[in-house]
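Numbering (UniProt numbering), first residue to last: 1 to 537. Built from N, CA and C at the ideal position, the CB exists for glycine as well. To start, the structure under review is shown below, and the notes come after it.
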């Protein structure tokens, strides 16, 4: 119908091309090339305007005439085409109620795109300034600040994204954010990128007293909080720091009396203090997420005091060590604490070291401790400062009923290591062991990993162990010996699942020994899984 072309001409007057043409790409339909700066309108936007124009046509009393139906196949008679009323050139979009026109502008998604409709007519001039949701992207800071000065306060949502050019000072960013604060947005979303990493000059973040949600993503920039005021309405705060300093949370959180959910993430970030300590203290906080990759070699530490906290997830990647020095959370229901160590701080003997630890707890559910263990490199042939048992004892929540182990064996005998780990918590109910063998060779003759083989005759007390799962089983003598130790030590064991490695066949001698052990323990449901085809014995 003719309205579609009219709407496209209507958009073209505002500098908005339909379709997906990029600047400089010729338009076949209009036989012209759009200049740089034109913003394409999506088919959904054009369709929306088309439907609105059709609706206005019906409101005006004019009829939309459908095209004639196709003639029946084989019938030579053709229906006479019905006359379609000519377009009278009336602008039916501008006649819409203002709230409906604002809804059209809001669906454009970009405030910059909506602002270009000011060129259409006096009716549309500066109409975009009445929008309650603004999204400024792809503009420099000065242009954004100029645009903000034309908008009335009490926005529903404000999003600002721009790259900080070298000629833009931190004072300019502070000025821009003060202009944003005057608009009193209920939700604020900032995505700012500096021109160089690890900038030591912060900008100042106003308190945004009306905002209930603030999301900030910074790359190469960081902020301090305004010296006065508080975030009196803030309930959700989400901060991401990439290659920059981490804002001091001890100065920020007390200024948020209604904060319920806090998320802080860092990527290759520098902490704001030399001690690399994150402290969270809040009387209103209910949910906390910390995900930190910190570029310092000192010990990392977290302290949490939150009487209303019900859920937290703390994840750290550090070079040396990680501790939770204080945890006062009487209403805690769910928690995840995990960290990855870049150096050998925790280990067992001269052979093994801890790479990753994860402790997950849920109220009235099983508590799971997961460890990822690697063999030491020959360049680090020294004892670790703490054993696995000592490290687990330092955890704020160290009671667990499920132990999940991922061990890269490197050709070593891991029986003594497992004996040490199983004795950390003998009330264990479930054991999952994943064996990874990146090196298919035996260790050196002077390696102490086997401890003279004395562990093979040991028996420990595992009175609650009921379920064991092993993946990557080679059925070597030391692995079979470990299974025998488990059967001796777990009197109420109910299930044993063993998945063979891709180097092992069910017909191998070790697997035959395994089947014999299973037959001797007929009260336990034992399953053997091949890598390709599942087999049960």
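Cα separation between residue i and residue j?
i, j, result
"residue 322", "residue 498", "34 angstroms"
"residue 357", "residue 317", "11 angstroms"
"residue 293", "residue 266", "6 angstroms"
"residue 206", "residue 212", "14 angstroms"
"residue 431", "residue 468", "5 angstroms"
"residue 51", "residue 134", "Bear in mind that the predicted position of residue 51 carries a pLDDT of just 48, short of 50, making it too unreliable to give a figure here."
"residue 209", "residue 262", "17 angstroms"
"residue 400", "residue 392", "10 angstroms"
"residue 214", "residue 290", "16 angstroms"
"residue 131", "residue 388", "58 angstroms"
"residue 106", "residue 305", "42 angstroms"
"residue 309", "residue 235", "14 angstroms"
"residue 174", "residue 233", "21 angstroms"
"residue 126", "residue 101", "12 angstroms"
"residue 160", "residue 229", "22 angstroms"
"residue 403", "residue 515", "25 angstroms"
"residue 449", "residue 500", "23 angstroms"
"residue 190", "residue 254", "21 angstroms"
"residue 466", "residue 525", "11 angstroms"
"residue 458", "residue 419", "9 angstroms"
"residue 367", "residue 413", "28 angstroms"
"residue 476", "residue 429", "26 angstroms"
"residue 314", "residue 169", "35 angstroms"
"residue 164", "residue 157", "22 angstroms"
"residue 340", "residue 224", "29 angstroms"
"residue 365", "residue 426", "18 angstroms"
"residue 330", "residue 307", "6 angstroms"
"residue 288", "residue 355", "24 angstroms"
"residue 437", "residue 352", "14 angstroms"
Count the other CB atoms, across all protein chains shown, that sit within 10 Å of the CB of residue i; report buried if there are 16 or more and exposed otherwise.
i, result
"residue 117", "buried"
"residue 410", "buried"
"residue 171", "exposed"
"residue 276", "buried"
"residue 479", "buried"
"residue 492", "exposed"
"residue 86", "Since pLDDT at residue 86 reaches only 48, below the 50 mark, its modelled position is unreliable, and the value read off the structure follows with that caveat. Under this definition residue 86 is an exposed residue."
"residue 424", "buried"
"residue 201", "exposed"
"residue 452", "exposed"
"residue 494", "exposed"
"residue 522", "exposed"
"residue 519", "exposed"
"residue 460", "exposed"
Can you tell me which of the three DSSP states residue i falls into?
i, result
"residue 253", "helix"
"residue 540", "The structure shown does not extend to residue 540, since the chain is modelled only from 1 to 537, so the question has no answer here."
"residue 546", "For the chain, the structure presents residues 1 to 537; residue 546 sits outside this window and is missing."
"residue 335", "strand"
"residue 313", "strand"
"residue 308", "coil"
"residue 200", "coil"
"residue 462", "coil"
"residue 111", "helix"
"residue 104", "helix"
"residue 391", "helix"
"residue 542", "For the chain, the structure presents residues 1 to 537; residue 542 sits outside this window and is missing."
"residue 486", "helix"
"residue 352", "strand"
"residue 347", "strand"
"residue 190", "strand"
"residue 409", "coil"
"residue 303", "strand"
"residue 340", "strand"
"residue 288", "strand"
Determine the extent of the beta strand (DSSP E) in which residue i is found, giving its start and end residues.
i, result
"residue 475", "No beta strand (DSSP E) contains residue 475, which DSSP labels as neither H nor E."
"residue 499", "495-500"
"residue 399", "Run containing residue 399: none; DSSP gives neither H nor E here."
"residue 297", "Run containing residue 297: none; DSSP gives neither H nor E here."
"residue 375", "368-375"
"residue 527", "525-529"
State the start and end residues of the unbroken alpha helix (DSSP H) segment that holds residue i.
i, result
"residue 510", "509-520"
"residue 423", "Run containing residue 423: none; DSSP gives neither H nor E here."
"residue 170", "170-182"
"residue 142", "141-148"
Could one say the Cβ of residue i lies closer than 9 angstroms to chain C's Cβ atoms, at least one of them?
i, result
"residue 128", "Checking the listed chains, one finds no chain C in this structure; it contains a single protein chain."
May I ask whether a heavy atom of the ligand FAD can be found less than 8 angstroms away from the beta carbon of residue i?
i, result
"residue 426", "Summarising the ligand content, the structure contains no ligands, and the ligand FAD is consequently not present."
Whole beta strand (DSSP E) runs in the stretch 203-263 with 3 or more residues, listed along the chain?
Every unbroken stretch of the beta strand (DSSP E) spanning 3 or more residues and falling wholly within the stretch 203-263 is given here in chain order: 203-205, 213-219, 223-225 and 236-242.
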